[in-house]
Structures are given as structure tokens and as C-alpha cells.
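Shown next, in C-alpha cells, is the structure this report addresses.
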Amino acid sequence: MVAEFIENLSEFAKEQALEPVIERKSEICQITEVLCRTRHCHPILIGQTGVGCSTIVRGLAQHLLEAPLPERLRGRVIRRINFDLHFACSTSLLDSLNHFIETAYDELNHTILVLDGLSSLSHANEETCHQVLDWIKRTVASYELRVILVADKSFYNKFLKTDAYLSAQCAALRVDAPTFDQALLMVAAHIAKIESTYQIKIANEIISDVVRWSQRYLLDKSLPASALDLLDASAAAICAHQTSDILTKEDVAGVLSDWQNVEKDYLLKSETQIIEYCMTALSHRICGQRVALNAVEKNLQSINLHACDHDIAPKAKLLFAGSSRVGKSTIVKVLTEVLYGSDTQLIRFNMHDYRYEQEVVSLLGPLGALNAESALVQQLNAHPYSICLFEHLEYAHIRFLRVLQQLMEVGKTKDYDLSNHIFIMTVDIDNLDAVVPQKMTEPEESESGLLQFLYNDLPGEKTSMRRGFQTMEQLMQRIDPWLHQKFDDRFLQQMTVIPFSEVTGQDLAQFLDAQIIRLKKHLAEKEGVQLKYANHFPLDLLDLLPQASKTAIDVKRFFEQQVEPVVSQILLSIKSKKDIVSQLDLFVDERGQILCQPAEVLSLEQL
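Letter 91 of the sequence shown, counting from 1, is numbered 90 in numbering that gives the first Met the number 0, and no numbers are missing.
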């Protein structure tokens, strides 16, 4: 019956059997104030899994025992029904609840009934949910007891907020995840218990790493539960394997690596090493763009410098301006993978989808103001460590630009905290002539149209914009006038503009050479085959590309579709004959065909 799943928290508090509650005084005071009301006197605690709603309720039991109370709360007993356990174990939920009312009838008027884990009802059918809600409404209407409901946001929006009676009787209280500093104190309060349980010692310096890693990688639960789970699992691991009696940073990194498929060595890198690793990864994935990569590196160093300053929010605000398909989005993707361990931490908005006001409303909500209900804010809060990418910002509606400016100016409110976000916006200068008003005043050196101005076109042909300027100052001198025509000066002052140039033929040749080196390394490590090619081979491949398809993306696709299949076909042919080859020669013949030939093939008989 339901009695099996009822906890008398007031009795536990008297026996001092409850753990101390850290950094939740304001939430406990809010609940106490609601319980004292005559209207809207039943609190609803709304918080995601692991945020600590149940802990707050236990803290309330201690508070009612120790603090001076108004008359209407004196003598009240807090009883907690855990629906997470009850729903999993009971087959007749409604009968059990009715039985509780019958057996505890004489005490109901002096009871504060906590209905915890209501969100587990969402796993049942809607009929069961509505039956339980009807039971709650009848109970509230028939007795003088107070009820505290605990649910997550989705359950509240679907079942509680839409119920007219419960909305009139209850007061919704949002429970946010603790800040980094608050989580440190909460986790530190559990260290002694974990050490006693596992008979180990936990180094004090690892607590901040546990909280930081949990906040960054363990997103299925909120702090502090995610950090405590990681700490407990790490302690259990060294206890089970009897490897040591001291829990170290390396032990925690090993457990997290197994959980999230993040390299242990990467987790143990310092911030400086991560930046170096990041720039190396970018140089392998990006074709050219030395000016842009240098600017990105400087901004990463600045982020590292202010890593502990949570008043700076977002951590960085970058605007990538350049032609299409020059690596703007690729840099963002690589940054996300390296800095946050997975590209799932990339929040991506294509502003082409938010050109009109009705589309902006779907992102911001009907009021058009940023609050906890806005889809944009919900996305940001769901990924507290992430890069937020706004692609094709030149298409964004003016209303959205104003909201984005507000986000960058006030990066931390009660509804959102952007202190661990990086904002990156991209502008495609090829599209600026389509979105900049035609009535704008042209610069003195104006030519017929924006693209002609940017590219310095010669009659009858288009040259790349890199020919006219290659330094950052020269790039900015050409891009700035159009950015200021499209965007407000105050908006542009919020961010660092990083210009991207067109890639040169030399950049493409070097990029091709990097692809060949990658293939050469793979063949040597996996197949034991050496790949040989002439120094001019990358340039020969570049000549085979169509004139209109010379971007990094086209080069990579060409290599994957035209070069790698040729090498693979030769290897498969040799393997099918059970021959052995130690070297392959790769070249382009006089007819422009890509060929791969074995230098020497040995049969098993010859060996």
C-alpha cells in the first residue's frame, strides 16, 4: 500500500536523521511564505531531475522544527509520498491513495503532504494522470491540509498549469540549478559521508573538476545530483578494484571517459593545452584563413583568462564575416567538438528561418520578450556549456536583432545565465546586397553592386576578394561599410568581427596535401603500405577541379570521391588475389586520369 512509500520527514528531522541542506535558504523561505497564505497556498516546485527539489523539502522539515512559526503552521507534520517508487511498485495507485486518506483521516488537517516525483506519472497514460490530479483536487478541497507538488517543467506545463482549479489553488515556484560556487559547497558537504562509506580519502582539489565536468558533460541531470553521481561512481570504482585509497582527478576522469566517450587525456589537459589542441585541430580541418584562425586563438586565450569571472556573459561574442563556403561554420563545429567534447553542444539557428515577424514569435514567444518560457532561452538553459551559432545573421528580422543585442548586453538574469556560453554569428557577404537597403549611400570607390565592390571584378571575370587585400585591416576596411549599413553600431560594438578571405590556390594545394598525408598515415598504420607521390601531385589534382568548384568543401569532396576510391580499388584487388604489396604510387597521367599502381607485388609463394 501507499504507506510503504510515505516518509515522515518531521519525525526524521526530530531524530536528526536528515542531511544538512546547503544554499537553499531562499527557496525554503519562499515555500514557507506560500504555506502561510489563505489563497494560492499550495506550492508547486518546478525543477529538472537532480536540481534538488526533494532536498529542499527535507530542508523545509528542518526549518519548521527549528524556526519560529506562525500559528497556522505550528504542529504541522510533513509527510512525503514518493511517486517515483510508488508508481514503479504499485499496480493500483488510486486505491492506495484513497487508503492513505482513510487511515490518516484524523491527522490530515495538521499535515503538509508532499507529492514528490509526479513527473513519473507521465510514463502512464493520460487517464491515470488525470485520475491522480482529480484525487489531489478532492483532497485539497475536502481537508485543511497543505499540499506541496514536485514536478518537472514538462509535466507542469501539460497537466498542472492547464488545470483551472489547481492554478487557482497553487503557486508555482521555479527551482533553478545551483550556480557553480553553490554546487561546490553542496558537493563538499557530502564528502565526509562518501569517504566513510567507501573508506577512502577524496582530494579537495578534485571537487571543482567534478562539478565543472558534470556541468559540462552530464546534461541528463542537473547539478548537484550529476556531480554527486560522478563522485560516487568514481569512489565505487577504486573501491571495487582496490587500486588506491585516495580518489584522484585521474580516477574521476576515467569514469567520465567511460560514461561520455570523451578521451581521458583530453579531460586532464589544462586550458592552455586545450587551446593548443584546438588550434591544431582547426589547422587540419580549415583551408587557409590564417588571419581568422589567429583572431580565434586570441579570443580563446581571452576566454581562458576570464574563465573564473562569471560576470562576463557570454564568454565571447564573435561575428564571422566572409563569403560562403570558406570555413565559417566548420570552425564553429570544430570549436564545439574540442572545447565541449561533442558537437551536440552546438545550438544552431539559421536566421534565414527567422526573416519575418511571425517566425521570430515562434522563437521568442507571443510577448516577444526574453523569459523562461521563450524557446530560445529554454535551448540556452538546456545546454549550459555550449556554443550558440546564429548563421546568416544578415537575414535576421530587426526584432530578433534587438533581442540578440539584449542577450549580449545582459547575459545573466533570473531566467538565463550565459556565463558559460560562446556566441558566434556568421554573415555571408555574398548575400549582403540582397538584404541591405538599396537606398544606402555608396562608398566613394563604389562600383556597380556590392559584389563587384568586394571582389574588385575585372571585365568579364570574377576574381577572389583576397587579391585586393589580405591583412585583417584591409579585409575589415572593405567589409565594415556594409556591416554598419545592415547592423546598428551599438550592436556591432558588442562583438568581435573576424573577417574571412577567399582561399587561394596555394591554400587549396596545402589543404589537398593535408588530405593526402592523412590517407598516407592511414595506409601505413592500418595496411602496412607506403604511399608515394610526387611533390607536384597536389597541384595536378587541383587542375582537375572545375574552375567554379575551388573551395575547401569541393576539394575534400573531390578527394573522397575521386582519389580514395582509386587507392581502395587497388588494395582490394591485391587482397582478393592474396598478394602482398609494400608500396603504392599515386599520380595523374597525361590524359588527366588519377592512377594508383603498386611498386612491387609479391605472392605468398614468393615469400
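Glycine residues also receive a C-beta, built at the ideal position from the N, C-alpha and C atoms.
Enclosing beta strand (DSSP E) for residue i [first to last residue]
i              : result
proline 42     : 41–45
glutamate 270  : Premise fails: glutamate 270 lies in the alpha helix (DSSP H), 270–284, not in any beta strand (DSSP E).
aspartate 427  : 420–427
glutamine 529  : 529–532
isoleucine 593 : 593–597
Residue i (DSSP reduced to helix, strand or coil)
i              : result
glutamate 106  : helix
threonine 495  : strand
leucine 608    : The structure shown does not extend to residue 608, since the chain is modelled only from 0 to 606, so the question has no answer here.
aspartate 175  : coil
aspartate 456  : For aspartate 456, the predicted structure reports a pLDDT of 33, less than 50, and the residue's modelled location is therefore unreliable. The matter cannot be settled from this model.
glycine 321    : strand
glutamine 214  : helix
leucine 167    : A quick correction: the sequence has alanine, not leucine, at residue 167. Helix.
leucine 511    : helix
serine 445     : Note that serine 445 scores a pLDDT of 33, beneath 50, so its modelled location is shaky; the value from the coordinates is reported in the next line. Serine 445: coil per DSSP, three-state reduction.
serine 9       : helix
leucine 334    : helix
cysteine 52    : helix
valine 409     : coil
aspartate 479  : helix
glycine 253    : helix
aspartate 342  : helix
isoleucine 77  : strand
cysteine 35    : coil
arginine 347   : strand
valine 580     : strand
aspartate 414  : coil
glutamine 113  : One detail in the question is off: residue 113 reads as valine in this sequence, not glutamine. Correct three-state label for valine 113: strand.
lysine 316     : strand
lysine 200     : strand
leucine 585    : strand
methionine 464 : With a pLDDT of 38 at methionine 464, under the threshold of 50, the modelled position of this residue cannot be trusted; read the value that follows with caution. In the structure shown, methionine 464 sits in a helix (DSSP, three-state: H, G or I).
isoleucine 245 : strand
glycine 58     : helix
Terminal residues of the alpha helix (DSSP H) in which residue i lies
i                 : result
glutamate 390     : It is not in any alpha helix (DSSP H) - glutamate 390 instead sits in the beta strand (DSSP E) that spans 385–390.
asparagine 156    : Counting along the chain, asparagine 156 falls outside any alpha helix (DSSP H), and DSSP gives it neither H nor E.
phenylalanine 536 : 536–543
cysteine 128      : 125–141
phenylalanine 486 : No alpha helix (DSSP H) contains phenylalanine 486, which DSSP labels as neither H nor E.
arginine 556      : 551–557
leucine 375       : 374–381
valine 149        : Here valine 149 belongs to no alpha helix (DSSP H); instead the beta strand (DSSP E) covers 145–150.
valine 360        : 356–363
tyrosine 197      : 190–197
leucine 229       : 224–240
aspartate 264     : 263–266
Outcome for residue i when other beta-carbon atoms lying within 10 angstroms are tallied against a minimum of 16
i              : result
leucine 148    : buried
glycine 591    : exposed
leucine 299    : buried
arginine 556   : exposed
aspartate 219  : exposed
glutamate 9    : Position check: residue 9 holds serine in this sequence, whereas glutamate was assumed. Buried is the call here.
threonine 37   : exposed
aspartate 588  : exposed
histidine 202  : A quick correction: the sequence has alanine, not histidine, at residue 202. So alanine 202 counts as exposed.
methionine 439 : Note that methionine 439 scores 31 on pLDDT, short of 50, meaning its location in the model is unreliable; the coordinates nonetheless yield the value given after this. Looking at its Cβ environment, which holds fewer than 16 other Cβ atoms inside 10 Å, methionine 439 is exposed.
cysteine 52    : buried
threonine 271  : exposed
histidine 535  : exposed
Cβ-Cβ separation, residue j to residue i (assumed contact under 8 Å), whole Å
i             : j              : result
glutamine 561 : isoleucine 593 : 6 Å
leucine 511   : leucine 522    : Contact doesn't hold; Cβ gap of about 17 Å is too wide.
glycine 287   : isoleucine 428 : Contact flag wrong, Cβ pair sits at about 16 Å.
glutamate 249 : isoleucine 274 : 22 Å between Cβ atoms; not a contact.
serine 207    : leucine 229    : At roughly 13 Å, the Cβ-Cβ gap does not stay under 8 Å, so serine 207 and leucine 229 are not in contact.
aspartate 83  : glycine 58     : That pair is no contact at about 19 Å.
leucine 114   : isoleucine 135 : 7 Å
leucine 403   : glycine 410    : Contact doesn't hold; Cβ gap of about 11 Å is too wide.
leucine 281   : isoleucine 330 : 6 Å
serine 328    : threonine 425  : 7 Å
lysine 13     : leucine 72     : Rounded, the Cβ-Cβ distance is 16 Å, inconsistent with contact.
tyrosine 197  : alanine 235    : 7 Å
Inset, instruction - Could you tell me whether the stretch 181–197 touches the stretch 13–24, where touching means 3 or more Cβ pairs closer than 8 Å? - result: The count of Cβ pairs closer than 8 Å, one atom from the stretch 181–197 and one from the stretch 13–24, reaches three, so the stretches are in contact.
Inset, instruction - Specify whether the stretch 321–336 and the stretch 373–391 touch according to this definition: at least 3 beta carbon pairs, one from each stretch, less than 8 Å apart. - result: Three or more pairs of CB atoms, one per stretch, sit closer than 8 Å, so the stretch 321–336 contacts the stretch 373–391.
Legend entry - Contact between the stretch 44–62 and the stretch 168–180 (3+ Cβ pairs under 8 Å): Judged by Cβ distances under 8 Å, the stretch 44–62 makes contact with the stretch 168–180, as three or more pairs qualify.
Inset, instruction - Count the C-beta pairs between the stretch 479–499 and the stretch 530–546 that are closer than 8 Å, then say yes if the count reaches three, no if not. - result: Short answer: they don't touch.
Legend entry - Meets three-Cβ-pair contact criterion under 8 Å: the stretch 349–361 and the stretch 390–400: With a cut-off of 8 Å, the stretch 390–400 and the stretch 349–361 count as touching, because enough Cβ pairs lie within range.
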